[in-house]
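Below: the structure, in C-alpha cells.
There are 4 protein chains.
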Amino acid sequence: MKELKDICYIPVKFSEIDSMQRVWHGTYITYFEDGRESFGRHYPGISYADMQQSGIYAPIYGLQARYYAPLAMNDTAIIHTSYIYKPGARLDYTYKIYRESDNTLCAEGSTTQLFIDTQGELMTDKPGYYQQWQDKYQITNLKNKPNE
Amino acid sequence: MKELKDICYIPVKFSEIDSMQRVWHGTYITYFEDGRESFGRHYPGISYADMQQSGIYAPIYGLQARYYAPLAMNDTAIIHTSYIYKPGARLDYTYKIYRESDNTLCAEGSTTQLFIDTQGELMTDKPGYYQQWQDKYQITNLKNKPNE
Amino acid sequence: MKELKDICYIPVKFSEIDSMQRVWHGTYITYFEDGRESFGRHYPGISYADMQQSGIYAPIYGLQARYYAPLAMNDTAIIHTSYIYKPGARLDYTYKIYRESDNTLCAEGSTTQLFIDTQGELMTDKPGYYQQWQDKYQITNLKNKPNE
Amino acid sequence: MKELKDICYIPVKFSEIDSMQRVWHGTYITYFEDGRESFGRHYPGISYADMQQSGIYAPIYGLQARYYAPLAMNDTAIIHTSYIYKPGARLDYTYKIYRESDNTLCAEGSTTQLFIDTQGELMTDKPGYYQQWQDKYQITNLKNKPNE
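Chains as they are written, first to last, in the numbering used here: chain A, 510 to 657; chain B, 510 to 657; chain C, 510 to 657; chain D, 510 to 657.
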C-alpha cells in the first residue's frame, strides 16, 4: 500500500495567538481538521460533503496531540496528514505540523473517527462511501500488519 | 411598552485573551450572541430552538460594535441585551457589556436579523412565531416612534 | 492618492460552519483581520509586528458588518481590504468579502482602530510608525475630502 | 492524599455548535481549559495569574480526548477536573464532561503541562510556585504509586 498523505499550508491568524504570544494549543485541533479537509480534496470520496450526501457522518471519537515547539505570529504551519489503515468501521489519521520558516516539528497528533448512521447510531460496518474509497485506493485488500 | 431586557454574566475564558493580554475584539460577537440566547430564555418564543422547529431562521444581517475599555483574564462580562422594536420582518437588539469588577462599560453594539424561509428566501412578512412573540409581549400594537 | 487595496483568499474551515450550515457570522470578523494582516504584508510598516516593536498597539475601536449571502463548506472567501484615509490618530479599513465560486458579494464591513501608548493611554497624535507609513505611501499630504 | 477535584458548569454557546448540530469537538479543549481555570480558583497558587507573575508559564505538552456522546444547543456541560500527581516538573489533569440534563458522560480527557522559564527554556525542576502549591495541599510527601 502506498502511503496516502497530504501536505497543506495554513498561515497563522492573529486571533489564534494567545496571551503567551504563541498559537493557542486548542487551535491545533483546527489545524488537524484543516489537514483532513485538504486530504479529502486530495483523495476524494471521504470528505465532509460525501458524508453529508449520504447522511452518515464520522464524528471524532479519539484525539491526541503533542506539542514540541510554538508557532507564533506570521508563521505558516505546514500540515502533513496521513491516512492510517485500521481494520473495521473507523477512520484514522496522523498529523505532523511544521513551522515553515525553519522546518521545526511543532506538534504531532492523531484522530480516530467512527461512523454514525442517519438514526444517530454507531455503525459497526463501514458505510458504502468509505468502502468504495478504500477500494479505489486499494487499501482494504491489504493484510492488517501485526502491530496494528 | 415596557423595555424587554436581559442581563447575563459570562466569565472571560483564557482562549479569548489575545496577544495584547485582552479579550480579542471578535470575541464580543460571541458575547452578543450569548446575550441573545440568554434573552431568548428570559422571553421564550424567539430562541434558536423555536426557529429550528419552524425551519425559519434569522441570520444576522447587520452588526455594529464599539469598544471602550478592555476585558482581561479573570474578568466577568455582564451583558445587557435589549430588544429594540422596529417595524417589519426584522429582529433588532442592542448590547452593553460591562466589566463586573468595577462596572466599566467596555463595549456596546447592535445587531439586526432578517428572516429566511425554508427555501432560503428572504421573508418580507414576519414569521408566525415572531408575530406571536410580539403579541405575547404586547409589542406590535405600539405606534412606531418617530426616531425609529 | 492611489487606492491602497489588498486582495487575499481564505478557504472556509469546517470549524467555521454553524448549525445553519453556513459560516458563522462572527467568523467574518476573523476574515476582516486576515484581510488587515494581508494588507500589512502588502504595504509594510503598520503590521502587528511593527506595532509590537514600538509598544504602541492599535486596538479596534469601531466595527461594522453587513451580510448579504452565505459562505458554506468548501467555499473560498476573497477578501478585499482597502485603507481609508481619515485625518487624525486613527486607522480605518473597509472590507468586501466575495464567494470565489461565483463572485457573489457575501459581506462588507469597516473597522476603526485607535492608538494606545505604552502606558495604555489613548493617543491623540499619530505614532511615528504610522506617520512614516503615510508618508511612504504619500497619504498625508492629501486634502481631506469634504465627505470624510 | 485527598483527591483535588473541581466541578464547574459551562453552558453551550451557539457559536460552538457545528454543522452536525452538536458541539464541535475542538470546543472541548476550551472546556478542559475552563475546567483548569475553575480548578485554579478552587485551589489557588497555580492559576495563570500566578504563572504570569513569576514569568514561568506551563504550556500544554500533551493532550488526549475521547468523545462518547454529543452536547447540543441549550445543554450545559458539567466539567470535573482532577489534579493527577506525577513526579517531576509537570502538571497533569484529567477531565470528565457530563451533560447536565441527564448526567451522560459525553467526553473525557487529560492534559500534561511542562514548565518554561523566562528564557523560554524547558525546566527540569519544579518552579517555586508549584512546589509551594504542592506543599500547601500536602501532595509531594506522598509516595508515588506503582501504577503511575
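From the three backbone atoms N, C-alpha and C, an ideal C-beta is built for every residue, glycine too.
Note that the coordinates shown come from a computational prediction; the quantities given were computed from them, not determined experimentally.
*Compare the C-beta of T620 of chain C with all C-beta atoms of chain A and state if any pair is closer than 7 angstroms.*
Taking the first residue of the third sequence as position 1, residue 620 of chain C is located at position 111. No, because no Cβ of chain A sits closer than 7 angstroms to the Cβ of T620 of chain C.
*Check C517 of chain A in the structure and name its three-state DSSP category.*
Within the first sequence, numbered from 1, the residue matching residue 517 of chain A stands at position 8. When secondary structure is reduced to three states using DSSP, C517 of chain A falls in the strand class.
*asked:* Please state the DSSP three-state secondary structure of I569 of chain A.
replied: On the first sequence, position 60 is the one that residue 569 of chain A refers to. I569 of chain A: strand per DSSP, three-state reduction.
*asked:* What does the alpha-carbon distance come out to for the pair H589 of chain D and Y604 of chain D?
replied: Within the fourth sequence, the letter at position 80 stands for residue 589 of chain D. Within the fourth sequence, the letter at position 95 stands for residue 604 of chain D. For H589 of chain D and Y604 of chain D, the distance between alpha carbons rounds to 5 angstroms.
*asked:* So, at 7 angstroms on beta carbons, what are the nonlocal neighbours of P655 of chain A in its own chain, with the 5 sequence-adjacent residues on each side left out?
replied: Locating residue 655 of chain A in the first sequence gives position 146, counting from the first residue. Confidence in P655 of chain A is poor, its pLDDT being 47 and thus under 50, which makes the residue's placement unreliable; the coordinate value appears in the next sentence. So no residue of the chain qualifies.
*How would you label K511 of chain D, buried or exposed, when you count the other beta carbons within 10 angstroms and need 16 or more for buried?*
Within the fourth sequence, residue 511 of chain D is the residue found at index 2, counting from 1. So K511 of chain D counts as exposed.
*Using the DSSP secondary-structure output, state which residues sit across from R575 of chain D in a beta bridge.*
Looking up residue 575 of chain D in the fourth sequence gives position 66. Paired residue(s): A:G571 and D:E617.
*asked:* Between which residues of its own chain and Y576 of chain C is the CB-CB distance below 8 angstroms, once the five residues before and five after are set aside?
replied: By one-based count along the third sequence, residue 576 of chain C stands at place 67. H534, Y537, C615 and A616, listed in sequence order.
*asked:* In whole angstroms, give me the CA-to-CA distance for R599 of chain D and Q530 of chain D.
replied: For the purposes of this step, residue 599 of chain D is taken as residue 90 along the fourth sequence, with counting starting at 1. For the purposes of this step, residue 530 of chain D is taken as residue 21 along the fourth sequence, with counting starting at 1. Between R599 of chain D and Q530 of chain D, the alpha-carbon positions lie close to 37 angstroms from each other.
*Using a cut-off of 7 angstroms between C-beta atoms, extract the partners of Y557 of chain C located in chain A.*
Walking along the third sequence from the start, residue 557 of chain C turns up at place 48. Within 7 angstroms Cβ-Cβ: F523 and M582.
*Span of the beta strand (DSSP E) holding I606 of chain C?*
Against the third sequence, residue 606 of chain C aligns to sequence position 97. Looking at the DSSP string, the run of the beta strand (DSSP E) that includes I606 of chain C is R599 to R608.
*Y607 of chain A and R545 of chain A look like a contact to me (Cβ under 8 angstroms); what is the Cβ gap, rounded to whole Å?*
What you label residue 607 of chain A is simply residue 98 of the first sequence in a count that begins at 1. What you label residue 545 of chain A is simply residue 36 of the first sequence in a count that begins at 1. The Cβ separation is near 17 angstroms, so there is no contact.
*Cut-off 8 angstroms between Cβ atoms - residues of its own chain near T627 of chain A, not counting five sequence neighbours on either side*: Here residue 627 of chain A refers to the residue found at position 118 of the first sequence. So the list reads G564 and I565, once near-sequence residues are dropped.
*chain C beta carbons: is any one of them nearer than 7 angstroms to that of H534 of chain B?*
Locating residue 534 of chain B in the second sequence gives position 25, where the first residue counts as 1. It does; some Cβ of chain C falls within 7 angstroms.
*From the DSSP output, read off the bridge partner residues of T585 of chain D.*
Locating residue 585 of chain D in the fourth sequence gives position 76, counting from the first residue. D:P520, per the DSSP bridge assignment.
*Give the range of the alpha helix (DSSP H) segment to which Y638 of chain D is assigned.*
The count along the fourth sequence starts at 1 and reaches residue 638 of chain D at position 129. Its alpha helix (DSSP H) spans residues G637 to K645.
*Work out the CA separation of L631 of chain C and G525 of chain B for me, nearest whole Å.*
Here the question's residue 525 of chain B lines up with position 16 in the second sequence. Here the question's residue 631 of chain C lines up with position 122 in the third sequence. The question names Gly, but residue 525 of chain B in the sequence shown is Glu. C-alpha separation (whole angstroms): 23 angstroms.
*Give, in chain order, every residue of the segment 533-554 of chain C whose Cβ lies closer than 7 angstroms to some Cβ of chain A.*
From the segment 533-554 of chain C, only T539, E542, D543 and E546 have a Cβ closer than 7 angstroms to chain A.
*Which term fits A454 of chain A, buried or exposed, when burial requires 16 or more other beta carbons within 10 angstroms of its beta carbon?*
Limits of chain A in this structure are 510 at one end and 657 at the other, which puts residue 454 of chain A out of reach.
*I593 of chain B to Q643 of chain B, Cα distance in whole Å?*
Residue mapping note: residue 593 of chain B aligns to position 84 of the second sequence, counting from 1. Residue mapping note: residue 643 of chain B aligns to position 134 of the second sequence, counting from 1. Straight-line Cα distance between these residues: approximately 11 angstroms.
_Cβ separation of T621 of chain A and V521 of chain A, assumed to be a contact under 8 angstroms, to the nearest whole Å_ = Residue 621 of chain A sits at position 112 when you count from the first residue of the first sequence. Residue 521 of chain A sits at position 12 when you count from the first residue of the first sequence. For a cut-off of 8 angstroms, the C-beta gap from T621 of chain A to V521 of chain A is around 27 angstroms, too long to register as a contact.
*Taking C-beta pairs closer than 9 angstroms, name the residues in chain C that Q530 of chain D reaches, listed in chain order.*
Working through the fourth sequence from its first residue, we reach residue 530 of chain D at position 21. What Q530 of chain D touches in chain C, judged by beta-carbon distance under 9 angstroms, is S528, going in chain order.
*With DSSP run on the structure shown, which of helix, strand or coil describes S591 of chain C?*
The count along the third sequence starts at 1 and reaches residue 591 of chain C at position 82. S591 of chain C falls in the strand class under three-state DSSP.
_Neighbourhood of D515 of chain A by C-beta distance below 6 angstroms, restricted to the same chain and skipping five residues each side_ = Counted from its first residue, the first sequence places residue 515 of chain A at position 6. Excluding positions up to five away in sequence, the list reads S547, F548, H551 and T590.
*Ends of the alpha helix (DSSP H) at T539 of chain C?*
For the purposes of this step, residue 539 of chain C is taken as residue 30 along the third sequence, with counting starting at 1. Its alpha helix (DSSP H) spans residues T536 to H551.
*Hey, is R575 of chain B's beta-carbon within less than 7 angstroms of any beta-carbon in chain C?*
The sequence position of residue 575 of chain B within the second sequence is 66, counting from 1. So yes, R575 of chain B belongs to the interface.
*List, in order along the chain, the chain A residues whose C-beta lies closer than 9 angstroms to that of I587 of chain D?*
In the fourth sequence, residue 587 of chain D corresponds to position 78, counting from 1. Those do not exist, as I587 of chain D stays about 20 angstroms from chain A at its closest Cβ, beyond 9 angstroms.
_Does the CB of L572 of chain C have a neighbour CB from chain B at under 7 angstroms?_
Position 63 of the third sequence, counted from the start, is the residue given in the question as residue 572 of chain C. Yes, contact with chain B.
*Quick one: is I606 of chain C near chain B, going by C-beta distance under 7 angstroms?*
Along the third sequence, read from residue 1 onward, the residue named residue 606 of chain C stands at position 97. Closer than 7 angstroms: no.
*On a CA-only basis, which of D:S619, D:F624 and D:G629 is nearest K635 of chain D? Give me that one, please.*
Within the fourth sequence, the letter at position 126 stands for residue 635 of chain D. Ranking the options by Cα distance to K635 of chain D, first place goes to D:F624.
*Hey, L572 of chain D and V532 of chain D: beta-carbon distance below 7 angstroms or not?*
The sequence position of residue 572 of chain D within the fourth sequence is 63, counting from 1. The sequence position of residue 532 of chain D within the fourth sequence is 23, counting from 1. Their beta carbons are not under 7 angstroms apart, which means L572 of chain D does not touch V532 of chain D by this criterion.
_CB contact flag (R587 of chain B, Y518 of chain B, <7 angstroms)_ = Taking the second sequence and counting its residues from 1, the one referred to as residue 587 of chain B is at position 78. Taking the second sequence and counting its residues from 1, the one referred to as residue 518 of chain B is at position 9. Checking the displayed sequence, the identity of residue 587 of chain B turns out to be Ile instead of Arg. Yes; because the gap between Cβ atoms is below 7 angstroms, this pair is in contact.
_7 angstroms Cβ cutoff, Y566 of chain B in contact with chain C_ = Taking the second sequence and counting its residues from 1, one reaches residue 566 of chain B at position 57. By this cut-off, Y566 of chain B is an interface position.
_C-beta atoms of A567 of chain C and T613 of chain C nearer than 7 angstroms_ = Here residue 567 of chain C corresponds to residue number 58 of the third sequence, with the count starting at 1. Here residue 613 of chain C corresponds to residue number 104 of the third sequence, with the count starting at 1. Result no, Cβ atoms of A567 of chain C and T613 of chain C do not sit closer than 7 angstroms.
*With C-beta atoms as the reference, is F523 of chain B less than 7 angstroms away from E542 of chain D?*
Residue numbering aside, residue 523 of chain B sits at position 14 when the second sequence is read from its first letter. Residue numbering aside, residue 542 of chain D sits at position 33 when the fourth sequence is read from its first letter. Contact check for F523 of chain B against E542 of chain D passes: the beta carbons are separated by less than 7 angstroms.
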